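One structure is given here, and the rest of the page talks about it.
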Amino acid sequence: TQEGKTIISNTFVNIEQIGPDEIKMVEEALDRFLDKTQRTSSGRAAQARDSAIKSDVGQLATALQAYYTTSGNGKYPVSLNELITSGDLRMIPTTPSGETYGYLRCDNGAEVAVFAKLEETNTYWVWSSASGKALDIKSSTPPSTTCVYGL
6 TQEGKTIISN TFVNIEQIGP DEIKMVEEAL DRFLDKTQRT SSGRAAQARD SAIKSDVGQL
66 ATALQAYYTT SGNGKYPVSL NELITSGDLR MIPTTPSGET YGYLRCDNGA EVAVFAKLEE
126 TNTYWVWSSA SGKALDIKSS TPPSTTCVYG L
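Add 5 to a position in the sequence shown, counting from 1, and you land on the number used in our numbering.
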(Lines of atoms letter the chains of each structure in order from A; the text may use other names.)
(Lines give C-alpha, C1' and ligand atoms only; values in the text may rest on other atoms or scores of the structure.)
Protein backbone atom coordinates (compact mmCIF):
# COMPACT_ATOMS: atom_id res chain seq x y z
CA THR A 6 0.00 0.00 0.00
CA GLN A 7 3.05 2.28 0.01
CA GLU A 8 3.87 4.38 -3.03
CA GLY A 9 7.29 5.66 -4.03
CA LYS A 10 10.74 4.27 -3.51
CA THR A 11 11.73 2.46 -0.38
CA ILE A 12 15.40 2.31 0.50
CA ILE A 13 16.66 -0.22 2.97
CA SER A 14 20.21 0.06 4.14
CA ASN A 15 22.40 -1.84 6.51
CA THR A 16 25.42 -0.03 7.88
CA PHE A 17 28.09 -1.74 9.85
CA VAL A 18 30.71 0.16 11.79
CA ASN A 19 33.83 -1.57 12.90
CA ILE A 20 35.62 0.33 15.66
CA GLU A 21 39.29 -0.42 16.10
CA GLN A 22 41.91 1.28 18.20
CA ILE A 23 44.43 3.28 16.18
CA GLY A 24 48.13 2.90 16.66
CA PRO A 25 50.38 5.20 18.70
CA ASP A 26 51.76 6.96 15.60
CA GLU A 27 48.27 7.76 14.37
CA ILE A 28 47.23 8.95 17.85
CA LYS A 29 50.18 11.36 17.88
CA MET A 30 49.27 12.69 14.40
CA VAL A 31 45.65 13.28 15.44
CA GLU A 32 46.73 15.05 18.65
CA GLU A 33 49.14 17.30 16.72
CA ALA A 34 46.43 18.18 14.19
CA LEU A 35 44.01 19.07 17.00
CA ASP A 36 46.67 21.18 18.72
CA ARG A 37 47.34 23.09 15.49
CA PHE A 38 43.62 23.64 14.95
CA LEU A 39 42.98 24.83 18.50
CA ASP A 40 46.06 27.10 18.51
CA LYS A 41 44.92 28.72 15.24
CA THR A 42 41.41 29.17 16.63
CA GLN A 43 42.78 30.85 19.77
CA ARG A 44 45.08 33.13 17.73
CA THR A 45 42.19 34.13 15.48
CA SER A 46 39.99 34.82 18.49
CA SER A 47 42.65 36.89 20.25
CA GLY A 48 43.32 38.76 16.98
CA ARG A 49 39.66 39.70 16.72
CA ALA A 50 39.69 40.83 20.35
CA ALA A 51 42.73 43.04 19.68
CA GLN A 52 40.98 44.52 16.64
CA ALA A 53 37.93 45.29 18.77
CA ARG A 54 40.07 47.01 21.42
CA ASP A 55 41.89 49.02 18.74
CA SER A 56 38.53 50.05 17.27
CA ALA A 57 37.47 51.28 20.71
CA ILE A 58 40.66 53.34 20.95
CA LYS A 59 40.03 54.90 17.54
CA SER A 60 36.44 55.68 18.47
CA ASP A 61 37.48 57.25 21.79
CA VAL A 62 40.14 59.39 20.10
CA GLY A 63 37.46 60.57 17.67
CA GLN A 64 35.12 61.40 20.57
CA LEU A 65 37.89 63.34 22.32
CA ALA A 66 38.72 65.17 19.08
CA THR A 67 35.09 66.24 18.65
CA ALA A 68 34.92 67.49 22.25
CA LEU A 69 38.23 69.35 21.85
CA GLN A 70 36.99 71.08 18.69
CA ALA A 71 33.78 72.08 20.49
CA TYR A 72 35.79 73.47 23.40
CA TYR A 73 38.08 75.39 21.03
CA THR A 74 35.16 77.15 19.34
CA THR A 75 33.14 77.90 22.49
CA SER A 76 34.61 77.74 26.01
CA GLY A 77 38.22 78.01 24.88
CA ASN A 78 37.79 81.11 22.73
CA GLY A 79 40.27 79.88 20.14
CA LYS A 80 42.48 77.89 22.54
CA TYR A 81 42.49 74.23 23.52
CA PRO A 82 42.22 73.21 27.20
CA VAL A 83 45.27 72.77 29.40
CA SER A 84 44.07 69.24 30.29
CA LEU A 85 41.37 66.88 29.06
CA ASN A 86 39.58 67.26 32.42
CA GLU A 87 38.52 70.75 31.36
CA LEU A 88 36.24 69.06 28.80
CA ILE A 89 34.15 67.81 31.72
CA THR A 90 34.07 71.19 33.44
CA SER A 91 32.99 72.87 30.20
CA GLY A 92 30.26 70.27 29.60
CA ASP A 93 31.77 69.05 26.32
CA LEU A 94 32.14 65.54 27.82
CA ARG A 95 30.50 63.77 30.75
CA MET A 96 33.59 61.68 31.44
CA ILE A 97 37.05 61.18 29.99
CA PRO A 98 37.26 57.70 28.45
CA THR A 99 40.10 55.32 29.20
CA THR A 100 41.62 52.75 26.86
CA PRO A 101 40.31 49.17 27.01
CA SER A 102 43.35 48.34 29.16
CA GLY A 103 42.42 51.13 31.59
CA GLU A 104 45.11 53.63 30.61
CA THR A 105 44.51 57.32 30.08
CA TYR A 106 44.69 58.81 26.61
CA GLY A 107 47.74 60.89 25.87
CA TYR A 108 47.22 64.61 25.41
CA LEU A 109 49.75 67.06 24.06
CA ARG A 110 49.11 70.80 23.99
CA CYS A 111 51.36 72.89 21.74
CA ASP A 112 51.85 76.53 20.73
CA ASN A 113 50.26 77.92 23.89
CA GLY A 114 47.01 76.04 23.24
CA ALA A 115 46.76 76.76 19.53
CA GLU A 116 47.27 73.06 18.63
CA VAL A 117 46.73 69.72 20.39
CA ALA A 118 47.16 66.01 19.80
CA VAL A 119 45.30 63.09 21.42
CA PHE A 120 46.77 59.62 21.18
CA ALA A 121 46.89 56.02 22.40
CA LYS A 122 48.88 52.91 21.53
CA LEU A 123 47.22 50.35 19.26
CA GLU A 124 47.51 46.75 20.38
CA GLU A 125 47.78 45.05 16.99
CA THR A 126 50.54 47.24 15.55
CA ASN A 127 52.14 48.47 18.80
CA THR A 128 52.14 51.96 17.24
CA TYR A 129 50.29 55.15 18.12
CA TRP A 130 46.92 56.34 16.81
CA VAL A 131 47.02 60.14 16.87
CA TRP A 132 44.48 62.86 16.19
CA SER A 133 46.07 66.22 15.47
CA SER A 134 44.20 69.51 15.51
CA ALA A 135 46.69 70.84 12.97
CA SER A 136 45.47 68.40 10.32
CA GLY A 137 42.05 67.57 11.75
CA LYS A 138 42.85 63.92 11.01
CA ALA A 139 43.50 60.79 13.03
CA LEU A 140 46.08 58.30 11.79
CA ASP A 141 48.53 55.60 12.78
CA ILE A 142 51.86 57.42 12.97
CA LYS A 143 53.75 54.11 12.58
CA SER A 144 55.86 54.85 15.64
CA SER A 145 56.14 52.91 18.89
CA THR A 146 57.11 56.17 20.62
CA PRO A 147 54.30 58.45 21.79
CA PRO A 148 54.13 62.04 20.57
CA SER A 149 56.06 64.31 22.89
CA THR A 150 57.14 67.48 21.11
CA THR A 151 54.82 68.23 18.20
CA CYS A 152 51.08 68.37 17.63
CA VAL A 153 51.39 68.32 13.85
CA TYR A 154 50.53 64.96 12.26
CA GLY A 155 48.84 63.94 9.05
CA LEU A 156 49.56 67.02 6.96
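We put the CB at the ideal spot given by N, CA and C, even for glycine.
Bear in mind that the values here come from a model prediction, so they are computed numbers and not experimental data.
Distance between residue j and residue i (C-alpha atoms, nearest Å)
i, j, result
"valine 131", "leucine 35", "41 angstroms"
"arginine 54", "alanine 71", "26 angstroms"
"leucine 85", "glycine 48", "31 angstroms"
"lysine 59", "arginine 37", "33 angstroms"
"aspartate 93", "alanine 115", "18 angstroms"
"alanine 135", "tyrosine 154", "7 angstroms"
Beta-bridge pairing of residue i - partner residues as DSSP gives them
i, result
"lysine 29", "For lysine 29, which the question treats as bridged, DSSP gives no partner whatsoever."
Coil, strand or helix - residue i by DSSP
i, result
"threonine 150", "coil"
"lysine 80", "coil"
"isoleucine 58", "helix"
"glutamine 22", "coil"
"threonine 16", "coil"
"threonine 75", "coil"
"glycine 9", "coil"
"glycine 48", "helix"
Any non-hydrogen atom of the ligand PLP within 7 angstroms of residue i CB
i, result
"alanine 121", "The ligand PLP is absent from the structure shown, which contains no ligand whatsoever."
Could you say if the segment 16-31 and the segment 93-106 meet the contact criterion of at least three C-beta pairs nearer than 8 angstroms?
no
Those runs of the beta strand (DSSP E) which lie wholly inside the segment 86-148 and span at least 3 residues
107-111, 116-122, 129-133 and 138-141
Contact between the segment 106-118 and the segment 57-77 is defined here as three or more beta-carbon pairs at a separation below 8 angstroms; is this criterion met?
yes
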